[in-house]
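Residue numbers (the working numbering), protein chains in the order written: chain U, 22 to 143; chain H, 809 to 1154.
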Amino acid sequence: MERDDIIEYSLDAHHSEQEGKKIRRKIWVVTAILTVITAFEVALGSLVKQSSDSWIYVKILFILLTILKAGYIVMTFMHLGDEKRVLKYFILVPYALFIIYLIFIALTEALAVNGAWNTYGG
Amino acid sequence: MAGHATAHVDSGSLWGGKVSPFSVSYGKLMMWFFLVSDALTFGGLLVAYGYTRHTTESAWPIGEETFDSLPFLGHGYPLMYVALMTFILIVSSVTMVLAVEAGHRMDKKGVMKWMIATIIGGFFFLGSQAWEWSHFIHGSHFGSVELADGSRAIVKGHFGEFESFKVVKAGKHHKEGEVIKESPDELFHHFRYAAMNGLVKDNQITLHDGSVATWKRQHDHNLELIVKTDGNDKALTKRTVISGKEAEKMYWDAINSGEKGRVIYGADLKSNEYGPSQYGQFFFFITGFHGFHVFSGVIINILIFLGVARGTYHRRGHYEMVEKTGLYWHFVDLVWVFVFTFFYLV
């Protein structure tokens, strides 16, 4: 049953052919960026071996590029960048805080366990 | 594109709860809430993976050593296949966002066209994942072996094909002196089963029917044993590579020991040839759970496509249902970006 006492936001989502062209252009640009980043990651991964000393920097670069890719997907493909700002932060901030906390606590614990095994044996 | 409400809102309705503080419809907001909770599930899984990887004593496998094969072309192409899968999923995400864009212009034909492309992309990804699982479960021709000193080595190189078995002791089906000629794959299949179960000893193999045979096969090429042990620095691993004649001797000594469990081929939930058992378990769970999301995404896309084709959303005056399934589909792509990095790349 349709309610007529609330605003129908879905109807505001329409755009003209002209605006559509601009939006499609943006979509293809983001596609190109995502593809280039993925190809770059695979190429870099096969050039630098995990046993090399510079691997740690490659690893950090991979993680940063992943967050960049995720940003493009969430902001452009999922349109979160076009939503009201309060909605954007309502979704992103609590999630980011919780996950950063979880990563910190799990990896700290993991390294402690590893250290204990090295010292006392598994 | 939700944008801002164009309808005029007077203060009466503003204070009467007529307005969404987020300027989005109920359905879209709930989809976002669901996606946040699902993202927490995947975040938890990947953090658990990181935890295990950091605690495990034995060295964790490297993605480019484990996943280096392409269909029809064999091995030697590190991560190419996974990159291809990633590309397929990105493209299907693009076709989905184009369907959403067409919906905002009330272009029914455009929505249908791009949704069909998205569904096809989804099936392609599922097919690729099925191939990868099958490859992961069956493993390489060499497997991994436990060496004489108790360390375990993964093996790289080109496996010499089997040509024939020659029976030296009769069993139920085969007579003594009989030469068994089957395809190299079939012969290897018998050998794999026997080697795993400790039925290969001193260059002789005990077959299913109890007969004992010797084998004739081509030479191995570029055989390499990679032994990993934990270094003192926790994150780094020491990696010893043994190659040439020495590697060949160590490998075939282990195979010919006649001990069960010396060689492991492929992967199951108990053990795998790539590294610690948890590695296989996380592979099956994380990529499996993601594959299940892709599968349900394809089903939902098909249902919504039928709605589009029937004209349900056109009559409604907006294509928000396409936008909402689009959110779910992009989310599946988003998760894969993280799985790709943490499971395969680093």
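The beta-carbon is built from N, C-alpha and C at its ideal position, and this holds for glycine as well.
Please read all numbers here as calculations on a predicted model, not as lab measurements.
Given that residue i touches chain H, what residues does it touch there, using C-beta distances under 7 Å?
i                      : result
residue 99 of chain U  : 1135, 1138
residue 57 of chain U  : Here the premise fails: no neighbours, minimum Cβ distance about 11 Å.
residue 121 of chain U : Here the premise fails: no neighbours, minimum Cβ distance about 10 Å.
residue 78 of chain U  : Going along chain H, no residue has its Cβ under 7 Å from residue 78 of chain U, so there is no contact; the nearest lies around 12 Å.
residue 108 of chain U : 830, 832
residue 87 of chain U  : 1145, 1146, 1149
residue 32 of chain U  : 1125, 1126
By Cβ distance, which residues of its chain are closer than 8 Å to residue i, with the 5 residues on each side in sequence left out?
i                       : result
residue 1115 of chain H : 1121, 1129
residue 1117 of chain H : 920
Quick check: what's the CA-CA separation for residue i versus residue j?
i                       : j                       : result
residue 1005 of chain H : residue 71 of chain U   : 34 Å
residue 960 of chain H  : residue 1035 of chain H : 6 Å
residue 69 of chain U   : residue 56 of chain U   : 20 Å
residue 39 of chain U   : residue 46 of chain U   : 11 Å
residue 967 of chain H  : residue 1030 of chain H : 9 Å
residue 103 of chain U  : residue 1092 of chain H : 36 Å
residue 934 of chain H  : residue 1097 of chain H : 12 Å
residue 829 of chain H  : residue 835 of chain H  : 14 Å
residue 930 of chain H  : residue 884 of chain H  : 27 Å
residue 1123 of chain H : residue 932 of chain H  : 32 Å
residue 59 of chain U   : residue 988 of chain H  : 48 Å
residue 923 of chain H  : residue 111 of chain U  : 30 Å
residue 83 of chain U   : residue 32 of chain U   : 40 Å
Can you tell me which residues form a DSSP beta bridge with residue i?
i                       : result
residue 800 of chain H  : Nothing in the structure corresponds to residue 800 of chain H, since chain H is present only between 809 and 1154.
residue 883 of chain H  : H:877
residue 1050 of chain H : H:1033
Check whether the Cβ of residue i lies closer than 8 Å to any Cβ atom in chain A.
i                     : result
residue 83 of chain U : Any reference to chain A falls outside this structure, whose protein chains are U and H.
Going by beta carbon distance, what residues of the same chain come within less than 6 Å of residue i, once the five residues before and after it are set aside?
i                       : result
residue 1090 of chain H : 857
residue 109 of chain U  : 101
residue 1050 of chain H : 1033
residue 982 of chain H  : 975, 1019
residue 1101 of chain H : 1140
residue 904 of chain H  : 926, 1134, 1137
residue 1040 of chain H : In this prediction, residue 1040 of chain H scores a pLDDT of 47, lower than 50, which makes its location untrustworthy; no coordinate-derived value is stated.
Interface residues of chain U around residue i at Cβ under 7 Å?
i                       : result
residue 863 of chain H  : 131, 134, 135
residue 840 of chain H  : 112
residue 1047 of chain H : 72
residue 943 of chain H  : Simply none; closest approach about 18 Å.
residue 847 of chain H  : 116
Output needed for residue i: all residues of its chain with C-beta closer than 7 Å, excluding positions within five of it in sequence on either side, in chain order.
i                       : result
residue 1061 of chain H : 956
residue 1000 of chain H : 1073
residue 77 of chain U   : none
residue 95 of chain U   : 101
residue 1156 of chain H : The structure shown has nothing for residue 1156 of chain H, since chain H only spans 809 to 1154.
residue 927 of chain H  : 1106, 1109, 1110, 1113
residue 1148 of chain H : 890, 894
residue 1055 of chain H : 1031, 1032, 1033
residue 876 of chain H  : 883, 884, 885, 886
residue 947 of chain H  : 1073, 1074, 1075, 1081
In chain H, what lies closer than 8 Å to residue i by C-beta?
i                     : result
residue 52 of chain U : 898, 899, 902
residue 67 of chain U : 872, 886, 887
In chain U, what lies closer than 9 Å to residue i by C-beta?
i                      : result
residue 933 of chain H : Correct list: empty, because the minimum Cβ distance to chain U is about 14 Å.
residue 850 of chain H : Correct list: empty, because the minimum Cβ distance to chain U is about 10 Å.
Residues of chain H with CB under 9 Å from residue i, in chain order?
i                     : result
residue 41 of chain U : 909, 910, 912, 913, 915
Could you name the residues of chain U that residue i contacts, counting a contact when the two beta carbons are closer than 8 Å?
i                       : result
residue 859 of chain H  : 127, 128, 130, 131
residue 1154 of chain H : 80, 83, 84
residue 1066 of chain H : Per Cβ cutoff of 8 Å: no residues; residue 1066 of chain H is ~29 Å from chain U at best.
> What are the uninterrupted segments assigned as beta strand (DSSP E) that are 3 or more residues long and contained completely in the stretch 932-956 of chain H, given in chain order?
Replying inline: 952-954
> At which residue ranges does the stretch 1062-1150 of chain H contain complete alpha helix (DSSP H) runs of 4 or more residues, listed in the order of the chain?
Replying inline: 1085-1090, 1096-1118, 1120-1124, 1128-1147
>> Give the list of continuous beta strand (DSSP E) stretches no shorter than 3 residues that lie fully inside the stretch 967-1039 of chain H.
In response: 970-977, 1012-1014, 1020-1025, 1029-1038
>> In chain order, what are the residue ranges of uninterrupted alpha helix (DSSP H) at least 4 long that sit wholly in the stretch 43-125 of chain U?
In response: 76-93
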